[in-house]
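Asker: For the sequence shown, counting from 1, position 115 maps to 106 in our numbering; every step adds exactly one. For each residue, glycine too, the CB sits at the ideal point set by N, CA and C.
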Amino acid sequence: MAGCRMPEDLATLSELDESVLLEVLSTRFRHDHVYTYIGDILIAINPFKYLPLYEKSEAEKYKSCSKSNLPPHIFAVADRAYQSMLGRLATGPKNQCIVISGESGAGKTESTKLLLRQIMELCKGNSQLERQILQVNPLLEAFGNAQTVMNDNSSRFGKYIQLRFRNTAVKGAKINEYLLEKSRVVHQDEGERNFHIFYYMFAGISAADQEVYGLLDPTFYRYLNHKYGAVETIKQWSKKYNEVCNALDMVGFLEQEQVDMMTILAGILSLGNIIYEPQENGILKVTDQSKGWLKAAASQFGVEEEELLKCLICTMAVTRGESIQRYHSKQQAEDARDSIAKVAYGRVFGWIVSKVNQLLAPKEDVCTTELQEIGILDIFGFENFAVNRYEQMCINLANEQLQYFFNHHIFIMQQKEYKEEGLEWATITYKDNKSILDLFLARPLGVFSLLDEQSAFPQATDKTFVDKLNSSFKGNPHFKIDRSRTPGFTVIHYAGKIQYNASGFLEKNRDTIPASIRGLFINSITPLLSVLFAATVSRTGTLMAQQRPKKTEDNFNSTRKQSVGAQFRHSLAVLMEKMFAANPHFIRCVKPNINKLPDHLDSKLFMDQLRYNGLLETIRIRKDGYSWRPFFKEFAERYGILLITPNISLTKESCLAILQTTGLKDWKSGKSRLFFKYWHQDELAKCIEKLEKAAIIIQKSYKRFHCQSKYKILLAELQNQRQLELERQIEERRQMELEQEMERKKQEMEWKNERTATPPIPLPRKKKPLPRPRSVAVDKFRNAVQPPVPRPRSKLVEATPFDNSRDHMNSSWSQEQADKEHQINQKRATIRWFKETQARKVIQNGTFPCWFHGMITRRESEDLLANQPLGCFLIRVSGSREGYTLTFRGIDRCRHYMIEMQPNGRYVILGEDKAHPSLPDLVDYYKTVGIQPFMEVLTTPCGQKCAHETDYEELRNFSVKTNPQEKLSSSTAADGSTHDRVHNELSKLFVPPDLPLSLQPEMSPVMRKITDRKLQAASSGRSAAINSENGIEDELQGGKRTFPRLYPSIRLAMREIQQVHEQQPTLHGPNSGEEFVPELPPKQFKEYHRTQLPGSEHYNKK
């Protein structure tokens, strides 16, 4: 029974109603078949558990696969979109979009990650860009996702990922983000949490770094509801934080940018703990308990404490040229505080997206007009909470727009074309939500238009806005008047009835902050914060960096004319325009139960989702309808090759002739186009594939014949040359024999003449023989007078290796010399690059590590590892590029892994997804983690063979200036290791012989004295006794790491807060009735001997 009730495609069901649909999907779900087709639409049920469907072996099966050969899978959708983008399926090359929809908690975010991973596998090449794109998702999840009552990892923003390709390779990516839920920063309902990144920070940042950023116990912070997490949860958060840091490094964020970003996030949390109280004159002041938090927030934001307080408690207005200072009430001051926190976080998130787009954009040499595109839409799901606010209204509007897009492609467009083309068709009714969209988006009487109108009036309130809605939509069937005390209204969406609480609608729609705050942050000494508030916001809400404005107030007013609702509407319009221009693929995600339990399906909840998604009607139209409808010309151009006839006409008759050769059934012909079922595309693709295989065989046979003919010609010429050479050698041998015979006879005659007794008869004197030419003497075995033998020259071969022309030899010699000179120049450039940018990063304790072998060739590195044990390795400088190569002794042979150096200074092995701050860190990491794809671990470093001098001749003449302390440390180290002397010689590798400079950069006398003292302390063994305070100060002076600009002020503020909490330990704690939260031990600050900390001017210079 289970077998017959588990069809993979619901469009093949003979009987169709809700009970059959529920039975089929629930049976498949119980057998862990979470994917089901409706024609070319995929239904994905969230299993809430791990399944072996996503292993690499499964992903390999769905590469260039046919849908009918494998079970339904999201990898098949990725493959179909990729092949369609390349033009390998029914349509020609065209942009594609994958639309993922469903309720919150239905699995949209995970589906997006799976799609991205599979598409990157399909286009996998030798590029680090693919790994960088995969790192974008965990980064955006940390800053844009949060736990809600419906979903532990709910997307609180929408994103449209555009992957850009040229041919089969990815060339860039772009992220479009929509409507971040900024209000979550300052307020979360019961059972919900703030954005993930705040919890990741506390779990993953070390105690020393928490002190640097100014972070205390997480239960101290009001924006976190004074709650944290269980021990197991904290461990998971710590891993997530490491993933976020690695993603920032992989994508290309600089270390200073990361430090500034974390400092701003810490400042947002400190800002939330500021509490006000009125003075006798009525003006607000900060309570004594929260003065430390004000000082901390100002230091973390890089602004003056007095200026920040002034912006919080009053507003400066200019009337008729006169400045008027208006003080806030306590509620207004709290709203201003929360508004700053929301805007600051929103700007940080927008900057991350903008930076990602900048780093992943196609290179300058790539023409963007030639790029094809695959878009993936992962947007917030339909939400219905106990209290639904402004954010829920925008989210549900986006889902209404997606449902309309789905209806338009599946129902409206198809049935309209059936009527226009004269096909017999029984109209399928569906739930049209166009009237609901008009309720929200119509002008001038739509919900958002009326909201913008009320937001423009300073005296308008949320109550007046609701009254305006009640009077405007009194008779609308999708709008219901709410009679409760709080201002609100009810909208009947396509997914059900939603009651909205209108409190705060106007304020959130305005989303304004005082101009003084913007001016204050623009002048911050924290570079990132200054950039964030100097940027402008586009019509779609995207952050756009710009130069500092000359007039702060005027620029601020010009960029805040649009409300949040207007930006959201415009961004939705742009999104729909992109999606309507592309070929869509739909994935409908379904949530089986509300409690996030595995192997449990709530029939009522499940059927409600199927019902309002219109899946029953979708099955009918996919079963009876024609999802693919090409024009005659388009079809003939694409499939004319099936006729195997050149220059066919692009007419209806040609199309019919093509279809006759394929044997397809159940298709129809209209007035201007053909109508096919969804499975006809696969059948036609198989026909094309047969011809492609036949063409490959023909090409292979022709190439074989051509190469054989060419080989025979070359062989004949070679035999001819050998015959001529043999004849020449025979002739030379004969000439030599004749000369020898004549010489022998001459000697015999002379010998006979010497034996005669009679005196010799004088003969006339002969002329002295002329000396033979040198060329003849040198080339005595060659017949110089023999003219060259002409030979026939083939028309197919213009030149052969047997042409012994002097010109050819000269040109070859010139080319060889040019290549050698190019290699020498390239080597010099690489040496200069290493000397100037890399040497100090590779050196450890004044010398190179034993695994570093400088610039040697691939063959030399393999020779060094030939007799070494498995896992032996070395790192060498690449001679052809600015980078390194890791050579590893594998099981069967030596392997060479390219090490790329990213623009932010991180090192990545090509194909890996882990970035490292230095080469020693990279080596240490891969001693415990295997390198893909063979997962081999580094074991033994390959040292030098000679213990007294370097193995390479070019290293012996290099010298470098060293001070006595360095000599002392090196001589001490030499006693403990036989390789250290060689390492000291290796450290001279990249210093040119005519320019013996030190590897250390030029520094002032004061800094040189500090460095000398450090070296002296290290050589005398006192470095181990340095305490944590002095260690931090040394790092500040030596520049080993990056610190916040006002780090000393942050430390003072944290000390003041710590003293207040020690005096009042119960100042902040969990409220009664809240869940138990394990307390973290408060940070114990050290008492420092110095009363003066380094000033901020020192850090600005750095």
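#1: For the candidate residues 206, 99, 880, 187, whose alpha-carbon lies nearest to that of residue 370?
#2: Among 169, 436, 853, which residue has its Cα nearest to the Cα of residue 885?
#3: To the nearest angstrom, how far is the alpha carbon of residue 283 from that of residue 506?
#4: So within the segment 142 to 200, which uninterrupted alpha helix (DSSP H) runs reach at least 4 residues, ignoring any that extend past its ends?
#5: Among residues of its own chain, excluding the 5 on either side of residue 134, which ones have a beta-carbon nearer than 7 Å to its beta-carbon?
#6: Between which residues of its own chain and residue 674 is the CB-CB distance below 8 Å, once the five residues before and five after are set aside?
#7: Is DSSP giving residue 507 helix, strand or coil here?
#8: Given residue 239, which residues of its chain have a CB within under 7 Å of its CB, disregarding the five upstream and five downstream residues?
#9: Residue 45 to residue 588, Cα distance in whole Å?
#10: Mind listing, in chain order, the continuous alpha helix (DSSP H) runs of no fewer than 4 residues lying wholly within the segment 572 to 639?
#11: Only counting runs of 3 or more residues, tell me where the beta strand (DSSP E) segments fall wholly within the segment 28 to 72, in order along the chain.
#12: Output the boundary residues of the beta strand (DSSP E) element that contains residue 366.
#13: So the candidates are 483, 367, 621; which of them puts its Cα closest to the Cα of residue 642?
#14: Got a sec, what are the start and stop residues for the alpha helix (DSSP H) residue 206 sits in?
#15: Bridge partners of residue 87, per DSSP?
#16: Quick one: residues in its chain with C-beta nearer than 7 Å to the C-beta of residue 159, no 5 flanking neighbours on either side, listed in chain order?
#17: Less than 8 Å between the C-beta atoms of residue 889 and residue 898, yes or no?
#18: Using the Cα positions of residue 549 and residue 47, report the straight-line distance between them to the nearest angstrom.
#19: Any idea what DSSP makes of residue 313, helix, strand or coil?
#20: Which residues does DSSP pair with residue 307 in a beta bridge?
#21: What residues match up with residue 892 in a beta bridge as DSSP calls it?
#22: With DSSP run on the structure shown, which of helix, strand or coil describes residue 740?
#23: Helix, strand or coil for residue 276, going by three-state DSSP, please let me know.
#24: Grab me the residues of residue 463's own chain with a C-beta within less than 7 Å of its C-beta, minus the 5 sequence neighbours each way, in chain order.
#25: When you compare only the Cα positions, how much space is there between residue 180 and residue 381?
#26: Using the C-alpha atoms, what's the distance from residue 651 back to residue 438?
#27: Look at the alpha carbon of residue 271 and the alpha carbon of residue 383, and state the distance between them as a whole number of angstroms.
#28: Using the three-state DSSP reduction, which class does residue 934 fall into: helix, strand or coil?
#29: When the Cα atoms are used, what is the spatial distance from residue 565 to residue 86?
#30: Less than 8 Å separating the beta-carbons of residue 869 and residue 290?
#31: What three-state label does DSSP hand residue 268 in the structure shown?
#32: Rounded to whole angstroms, how far is the Cβ of residue 106 from the Cβ of residue 89, which I believe are closer than 8 Å?
#33: Is the beta carbon of residue 576 less than 8 Å from the beta carbon of residue 72?
#34: Expressed to the nearest angstrom, what Euclidean distance is found between the alpha-carbon atoms of residue 415 and residue 41?
#35: Output needed for residue 258: all residues of its chain with C-beta closer than 6 Å, excluding positions within five of it in sequence on either side, in chain order.
#36: With H, G and I counted as helix, E and B as strand and the rest as coil, what does DSSP make of residue 667?
Answerer: With the structure as the only source:
#1: Your numbering for residue 370 matches position 379 in the sequence shown. The option with the nearest alpha carbon to residue 370 is 99.
#2: Start at 1 with the first residue of the sequence shown, and residue 885 comes out as number 894. Residue 853 is the option with its Cα nearest to residue 885.
#3: One-based indexing of the sequence shown puts residue 283 at position 292. One-based indexing of the sequence shown puts residue 506 at position 515. The alpha-carbon atoms of residue 283 and residue 506 are separated by roughly 25 Å.
#4: You should have 187 to 195.
#5: Here the question's residue 134 lines up with position 143 in the sequence shown. Cβ neighbours of residue 134 beyond the five flanking positions: 186, 188, 340, 343.
#6: Within the sequence shown, numbered from 1, the residue matching residue 674 stands at position 683. Taken in chain order, the residues that qualify are 653, 655.
#7: Against the sequence shown, residue 507 aligns to sequence position 516. Here residue 507 sits in helix by DSSP.
#8: Here residue 239 is taken as the residue at index 248 of the sequence shown, counted from 1. Result list for residue 239: 130, 249, in chain order.
#9: Within the sequence shown, residue 45 is the residue found at index 54, counting from 1. Within the sequence shown, residue 588 is the residue found at index 597, counting from 1. Looking at the two C-alpha atoms, the distance is approximately 20 Å.
#10: Complete alpha helix (DSSP H) runs here, min 4: 594 to 603, 606 to 615, 623 to 630.
#11: Qualifying beta strand (DSSP E) stretches, in chain order: 32 to 36.
#12: On the sequence shown, position 375 is the one that residue 366 refers to. Segment 363 to 369, the beta strand (DSSP E) holding residue 366.
#13: The residue labelled residue 642 in the question sits at position 651 within the sequence shown. Residue 642 has its Cα closest to that of 621, out of 483, 367, 621.
#14: Along the sequence shown, one-based indexing puts residue 206 at 215. According to the DSSP assignment, residue 206 belongs to no alpha helix (DSSP H), since it is labelled neither H nor E.
#15: Locating residue 87 in the sequence shown gives position 96, counting from the first residue. Paired residues: 365, 574.
#16: The count along the sequence shown starts at 1 and reaches residue 159 at position 168. Only 77, 114 meet the Cβ criterion.
#17: For this step, residue 889 is matched to residue 898 along the sequence shown. For this step, residue 898 is matched to residue 907 along the sequence shown. Taking the C-beta atoms as reference points, residue 898 is found no nearer than 8 Å to residue 889.
#18: To locate residue 549, count along the sequence shown from 1; it is residue 558. To locate residue 47, count along the sequence shown from 1; it is residue 56. Note that residue 549 scores a pLDDT of 39, beneath 50, so its modelled location is shaky and nothing firm can be said.
#19: Position 322 of the sequence shown, counted from the start, is the residue given in the question as residue 313. In the structure shown, residue 313 sits in a strand (DSSP, three-state: E or B).
#20: The residue labelled residue 307 in the question sits at position 316 within the sequence shown. In the DSSP output, where bridge partners are listed per residue, residue 307 has 316.
#21: Counting from one through the sequence shown, the residue named residue 892 turns up at place 901. DSSP, once it has assigned bridges, lists 898 as partnering residue 892.
#22: Position 749 of the sequence shown, counting from 1, holds the residue named residue 740. Helix.
#23: Here residue 276 is taken as the residue at index 285 of the sequence shown, counted from 1. Reduced to three states, the DSSP call for residue 276 is strand.
#24: What you label residue 463 is simply residue 472 of the sequence shown in a count that begins at 1. Here the set comprises 436, 441.
#25: In the sequence shown, counting from the first residue as 1, residue 180 sits at position 189. In the sequence shown, counting from the first residue as 1, residue 381 sits at position 390. In this model, residue 180 and residue 381 are separated by some 14 Å (Cα to Cα).
#26: As a working note, residue 438 is residue 447 in the sequence shown. As a working note, residue 651 is residue 660 in the sequence shown. If I take the Cα positions, the gap works out to 55 Å.
#27: Residue numbering aside, residue 271 sits at position 280 when the sequence shown is read from its first letter. Residue numbering aside, residue 383 sits at position 392 when the sequence shown is read from its first letter. Going by the C-alpha atoms only, they are around 42 Å apart.
#28: Position 943 of the sequence shown, counted from the start, is the residue given in the question as residue 934. The answer is coil: DSSP assigns residue 934 none of H, G, I, E or B.
#29: Within the sequence shown, the letter at position 574 stands for residue 565. Within the sequence shown, the letter at position 95 stands for residue 86. One C-alpha to the other measures close to 16 Å.
#30: Counted from its first residue, the sequence shown places residue 869 at position 878. Counted from its first residue, the sequence shown places residue 290 at position 299. No, the pair does not count as a contact, with Cβ atoms beyond the cut-off.
#31: Within the sequence shown, numbered from 1, the residue matching residue 268 stands at position 277. The answer is strand: DSSP assigns residue 268 an E or B state.
#32: Here residue 106 refers to the residue found at position 115 when the sequence shown is read from its first residue. Here residue 89 refers to the residue found at position 98 when the sequence shown is read from its first residue. Contact holds; Cβ gap of about 6 Å.
#33: If you number the sequence shown from 1, residue 576 lands on position 585. If you number the sequence shown from 1, residue 72 lands on position 81. In this structure, residue 72 lies closer than 8 Å to residue 576 by Cβ.
#34: Counting from one through the sequence shown, the residue named residue 415 turns up at place 424. Counting from one through the sequence shown, the residue named residue 41 turns up at place 50. Between residue 415 and residue 41, the C-alpha separation is close to 47 Å.
#35: Taking the sequence shown and counting its residues from 1, one reaches residue 258 at position 267. For residue 258, where only same-chain residues beyond five positions count, the Cβ hits under 6 Å are 288, 291, 292.
#36: Numbered from its first residue, the sequence shown carries residue 667 at position 676. In the structure shown, residue 667 sits in a strand (DSSP, three-state: E or B).
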